[in-house]
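> Pasting a structure here, questions to come.
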Amino acid sequence: MKANLFQLTSQSFQAHHFVREMENHAAGAYTSFEGWVRNHNEGKDVASLEYEAYPDLALKEGCRILAEALEKFDIIDSRCIHRTGHLQIGEIAVWVGTTAKHREEAFTACRYIIDEVKSRVPIWKKEHYADGDSGWVKCEHCASHIHRH
Amino acid sequence: MKANLFQLTSQSFQAHHFVREMENHAAGAYTSFEGWVRNHNEGKDVASLEYEAYPDLALKEGCRILAEALEKFDIIDSRCIHRTGHLQIGEIAVWVGTTAKHREEAFTACRYIIDEVKSRVPIWKKEHYADGDSGWVKCEHCASHIHRH
Amino acid sequence: MKNIHLQYFAILREFRGQNEDSWETTAATAGDLYEELKTEFKFPLTQKQIRVAINGEFSAMDSLLKTGDEVVYIPPVAGG
Amino acid sequence: MKNIHLQYFAILREFRGQNEDSWETTAATAGDLYEELKTEFKFPLTQKQIRVAINGEFSAMDSLLKTGDEVVYIPPVAGG
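Residue numbers (the numbering used here), protein chains in the order written: chain G, 3 to 151; chain H, 3 to 151; chain S, 95 to 174; chain E, 95 to 174.
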């Protein structure tokens, strides 16, 4: 029933369409996080990014994280949308939105969700560098092998 | 030169117009807070709100808070817009946006800014209750006097 | 006698019944002037509950006033 | 002999050179099967660096496999 609160999308999106769905007259605080594609990472110039997901498990795990946040914190609602596919610099890679009566809980829940999403949801990021090189993030020591392919 | 980063507005607004102005290819994290007008507060049904500002000093103090955030935290940009006048339930009373390379600093700065804005900027909130009563927030013990006027 | 320009906001505006005053006073400090106005208009806030701005900047309650000063007494704020 | 359906993602997909396999194996556990595939396709990750999902749920590496299981080895994730 909460299955659509965590979504994967292969389309570029803006967050405000999703914020409107969270409108609730009991909510006094809305907090959001957006991950934007940066033009550099760890000293390298990044040209673009690719996100690959294992969709079935990513949706399940994402929904579990949102359900945990609802249970742990006094929030009203929380949602998350994660991009897949090829992203250009400046595009939104992930959006998390939380609403609550009060800001303290909205902030804490929003932070919890993005931290958990980044560490638990089966989504992988490949950086394409300006110099033509590329690499899977969090898999640095495999980098020397990647180039054979 | 940073004078327009903290704004007061008497017009209803959506945050995404302002987010666009913060676009920056070095930013990997955007965090926002929005204060929404709730339909209740401390057990009372709220029908609408009024915000009154001392504009000169509110703008100065708001800009000082944003400058402090830039100095204290490793962020790229931060902005804040505060409504004045009569607001209906669900409207945005205040928006804070911060961008940074990394989410940790974006979250911390965003939280710092809204906390400081709420406690330092000369803006006052009058709640109009469903029962026809009204009162200035943070001025509860004066409430018995207000009704004479 | 000095002439002070006063602006009123929020609950103090409501008690005063207007937005501003051009006020003749012998009060030495911002705090003294507040006591004078508090008595005159029955302001419901004590000096400890408020702050004062003089000429657009937060100032101490024991700041000395001079003719032409713009003074604003600031009730507890509640933005956001 | 059991038949296992494998899906590959990210770096493991690249090393395998395709998205999935229907794989005949005598491996008892998910961990045993990973070692078999690692040798075959020169996967650059050790068992300690990955997780495994069986039939759409995270599972232990020592889970026993049976014919028809859907197995996915999960390299270090990096969403957001």
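Where is the CB? At the ideal position from N, CA and C, for every residue including glycine.
Looking only at DSSP bridge pairs, what is I65 of chain S linked to?
With chain S covering only 95 through 174, there is no way to say anything about residue 65 of chain S.
> With DSSP collapsed to three states, give me the class of D156 of chain S.
coil
> Does any C-beta atom of chain E lie closer than 8 Å to the C-beta of H151 of chain G?
Since pLDDT at H151 of chain G reaches only 40, below the 50 mark, its modelled position is unreliable, and the value read off the structure follows with that caveat. Interface residue, yes.
> Can you tell me whether K136 of chain S is helix, strand or coil according to DSSP?
The three-state reading of DSSP puts K136 of chain S in coil, since its state is none of H, G, I, E or B.
> Whose C-alpha, out of G:Y56, G:V48, G:I83 and G:H42, is nearest the C-alpha of F20 of chain G?
G:I83
> What distance in whole Å lies between the Cβ atoms of A17 of chain G and T101 of chain G, which are believed to be in contact at a cut-off of 8 Å?
Incorrect: roughly 13 Å between the Cβ atoms, too far for contact.
> Does the CB of V39 of chain H have a neighbour CB from chain S at under 8 Å?
no
> Taking 8 Å as the CB-CB cut-off, is A124 of chain S touching chain H?
no
> Buried or exposed: E108 of chain E, going by 16 or more other Cβ atoms within 10 Å of its Cβ?
buried
> Whole-angstrom Cβ separation of A49 of chain G and Y114 of chain G, contact assumed at under 8 Å?
Between A49 of chain G and Y114 of chain G the beta-carbon gap is near 32 Å, outside 8 Å, which marks them as no contact.
> Residues in its own chain within less than 7 Å of L158 of chain E by CB, not counting five upstream and five downstream?
A122 and T123
> Considering only residues of the segment 81 to 115 of chain G, which uninterrupted beta strand (DSSP E) runs meet the minimum length of 3 residues and lie entirely inside it, listed in chain order?
87 to 90 and 94 to 102
> With H, G and I counted as helix, E and B as strand and the rest as coil, what does DSSP make of S14 of chain H?
coil
> Under three-state DSSP, which class holds H27 of chain H?
coil
> Going by DSSP in three states, E168 of chain S sits in which element: helix, strand or coil?
Checking the sequence shown, residue 168 of chain S turns out to be Ile, not Glu. Strand at I168 of chain S.
> Assess contact between the segment 121 to 141 of chain G and the segment 53 to 67 of chain H, defined as three or more Cβ pairs (one per stretch) separated by less than 8 Å. Is contact present?
no
> Quick test of your reading: G174 of chain S and I67 of chain H, contact by CB under 8 Å. State the CB separation rounded to the nearest angstrom.
Going by Cβ atoms, the distance from G174 of chain S to I67 of chain H rounds to 12 Å, so no, they are not a contact pair.
> Where W126 of chain H and K136 of chain S are concerned, what is the direct C-alpha to C-alpha distance, given to the nearest angstrom?
20 Å
> Tell me, please, which residues DSSP counts as bridged to D79 of chain G.
G:T101
> When you check each C-beta in the segment 111 to 135 of chain H against every C-beta of chain S, which residues fall closer than 8 Å?
I116, V119, K120, S121, R122, V123, P124, I125, W126, K127 and K128
> Taking the alpha-carbon of E151 of chain E as reference, which of G:A71, G:V123, G:C141 and G:F75 has the nearest alpha-carbon?
Relative to E151 of chain E, the option among G:A71, G:V123, G:C141 and G:F75 whose CA is nearest is G:V123.
> Compute the Euclidean distance between the alpha carbons of F109 of chain H and E73 of chain H, then round it to the nearest angstrom.
15 Å
> Are A60 of chain G and R105 of chain G close, meaning C-beta to C-beta below 8 Å?
no
> Check the Cβ-Cβ distances between G162 of chain S and every residue of chain H, and say whether any is below 8 Å.
no
> Between which two residues does the beta strand (DSSP E) carrying L51 of chain H extend?
K46 to A55
> Please name the residue, chosen from S:E129, S:N149 and S:E134, that lies closest to Q143 of chain S on a Cα-to-Cα basis.
Sorting S:E129, S:N149 and S:E134 by C-alpha distance to the C-alpha of Q143 of chain S places S:E129 at the top.
> Check this for me: beta carbons of A172 of chain S and K46 of chain H, under 8 Å apart or not?
No, Cβ-Cβ distance for A172 of chain S and K46 of chain H is not below 8 Å.
> Along the segment 42 to 57 of chain G, where does the CB come closer than 9 Å to a CB of chain H? Name the residues.
H42 and N43
> Short of 7 Å Cβ to Cβ, which residues in the segment 89 to 104 of chain G face chain E?
A95 and V96
> Using C-beta distances below 6 Å, list every residue in its chain close to W117 of chain S, excluding the 5 sequence neighbours before and after it, in chain order.
The answer, listed in chain order, is I98 and L100.
> Straight-line CA distance for I168 of chain E to V98 of chain G?
Roughly 24 Å between the two C-alpha positions.
> Please confirm whether V139 of chain H has its beta-carbon closer than 8 Å to some beta-carbon of chain S.
yes
> Output needed in chain order: residues of the segment 95 to 123 of chain E with a Cβ under 8 Å from some Cβ in chain G.
Q101, F103, A104, I105, R107, E108, F109 and G111
> Over what stretch of residues does the alpha helix (DSSP H) that includes I144 of chain S continue unbroken?
Premise fails: I144 of chain S is in no alpha helix (DSSP H) and is neither H nor E.
> Report yes if the C-beta distance between M155 of chain S and V146 of chain S is below 8 Å; otherwise report no.
yes
> Of all the CB atoms in chain E, is at least one closer than 8 Å to the CB of L68 of chain G?
no
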